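Start counting at 1 in the sequence shown, then tack on 1, and there's your number in the working numbering.
C-beta: ideal position from N, C-alpha, C; glycine also.
It should be emphasised that the depicted structure is a prediction, and the values quoted were computed from it without experimental measurement.
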Amino acid sequence: MKNSKYFSHILAMLAGLAMTGGMVSNASAAGTAAGTTISNTATVGYQVGSIAQTPVTSAAATFVVDTMIDLTVATTDTATVKVTPGATNQVLQFTVTNTGNAIQDFSLTRIAQNGGTGKFGGTDNFDATNVGIFVESGATPGYQPAEDTATFIDELSADTARTVYIVVDIALSQANGDISSHHLIATAGLAGAIGVEDPAVTEDSGTADNKDTVQTVFADGDGDGAGSIDTATNGKHSDQSDFEVQSATLSISKLSTVISDPFSSTNPKRIPGAVVEYTITIDNSTGAADATSIVLTDLLDTTNLTFSDSAAYSGNDIELNINSGTITTYIGTDADDDGGDFGVITANTLTVDFNAAGAGFTVPAGQSATVKFRVTIN
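Next up, the structure:
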């Protein structure tokens, strides 16, 4: 009786140790690799009449590890990606990580948000154009059109990740604050020939367990958390990111003030011979981006008006005032076009381009500029 109890105790301990050793020895971040053969035996030592007997060893219990399909798609953008109207090759960036236990291909698709809230807030209200999805080649960091040309992830090992870009163009007609939101979906595919996009994996959910066959189980989560873009345990995962248009919002106005007439400077009227000052305001006060390379032109009615070479602005003919006096430039109208002219570049036309190179001037976001000049009524 005593030997029987001892035998039972030792057998239980050995079985427990064998099971524990099998679980720990093959552990890794993605789990034991699919297709791994695991084989264990149990051995019992015992005595008869206080004499140790030859240990008894069981037949090997052998099985192969099944394939666990798991993946994560995550944007690396931390806020809306700012874009300007008319911009091309604008990029949202994601990582696709193989968190399963086997090498897989991953196909890549995109769904454009149709209204609703973007990843980082705001309401999606436009679709980008010329959309493409490309995988980072590893040659040069960041999206390079000539290098990053792959459209699917090929033979991605467990516990590794690849960078993926959604690349778009932004229409010139988009306005400041517009949002375009996009979902990237990765779908696990079979591993096969290098350079070939293999078909999607199918799950062995309706098949009974077979210890000698590598079967497939989906273990992925619900990427969008709502089941509308992808669902849990379907071999797919997704994440979302947004473009936000950031643009100047320019408006222009032109006002006139009578300065003098031939008979009065205290209460002048707009009669022939009167001097009138024009003030042109270029307003970017509601814009979110600087307006650059501004060139102002004003075609005068020279039948009824004569440009006044008045030297009214610190001895010059034109005043350009940016940002409420932060930058004030006085422009002469001589033939060298040093910031502006009347009739030199274009007949009968006032031109203000700030410098001789004609590069234009800048009105910063949230600011405005004024241009002043004078004319005489014919």
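When Cβ pairs closer than 8 angstroms are counted between the two stretches, the region 30-42 is seen to touch the region 50-69, the count reaching three or more. Assignment of Asn-102 by DSSP, reduced to helix, strand and coil, places it in the coil class. Cβ-Cβ distances below 6 angstroms link Thr-363 to Asp-291, Thr-293 in the same chain, with the five nearest sequence neighbours on each side left out; the list follows chain order.
Our two residues, Val-202 and Ile-70, have alpha carbons roughly 9 angstroms apart in a direct line.
DSSP links Ile-260 through a beta bridge to no other residue.
Per the DSSP secondary-structure output, Ser-40 pairs in a beta bridge with Thr-63. The beta-carbon separation of Leu-72 and Thr-96, rounded to 11 angstroms, does not stay under the 8 angstroms limit for a contact. DSSP places Asn-305 in the coil class of the three-state scheme, outside both helix and strand. By the Cβ criterion, the region 139-154 is not in contact with the region 176-186, since fewer than three pairs of Cβ atoms, one from each stretch, lie closer than 8 angstroms. Taking 8 angstroms as the cut-off, the beta carbon of Ala-129 is found closer than this to the beta carbon of Val-169. The beta-bridge partner set that DSSP reports for Leu-251 is empty.
For Ala-220, the three-state secondary structure derived from DSSP is coil.
One alpha carbon belongs to Ser-252, the other to Lys-83, and they sit about 22 angstroms apart.
Shown here, Ile-378 sits in a strand according to DSSP, grouped into three states. Sorting Ala-75, Val-74, Ala-43 by C-alpha distance to the C-alpha of Ala-60 places Ala-43 at the top. Approximately 7 angstroms separates the beta-carbon atoms of Thr-347 and Thr-298; this is inside 8 angstroms, confirming the contact. In the displayed model, Thr-77 falls within coil according to three-state DSSP, outside both helix and strand. The three-state secondary structure of Val-345, taken from DSSP, is coil.
Note on geometry: alpha-carbon atoms of Asn-211 and Asp-205 lie some 11 angstroms from one another. Residue pairing by DSSP places Ile-230 in no beta bridge whatsoever. Distance from the Cα of Ala-189 is smallest, within the candidate group Gly-196, Ser-261, Ile-154, Ser-229, for Ile-154. Per DSSP, the unbroken beta strand (DSSP E) holding Tyr-279 starts and ends at 276-284. Only exposed fits Ile-195, as fewer than 16 other CB atoms lie within 10 angstroms of its CB. In terms of CA proximity to Ala-220, Ala-103 leads the group Leu-306, Thr-79, Ala-103, Thr-371. Excluding five sequence positions before and after Phe-127, the CB atoms of its chain that fall closer than 7 angstroms to its own CB belong to Gln-175, Asp-179, Ser-181, given in chain order. For Thr-130, the uninterrupted beta strand (DSSP E) segment begins and ends at 130-136. Taking C-beta atoms as the reference points, Leu-306 and Thr-350 fail to come closer than 8 angstroms. Between Gln-94 and Leu-157, the gap from beta carbon to beta carbon reaches 8 angstroms or more.
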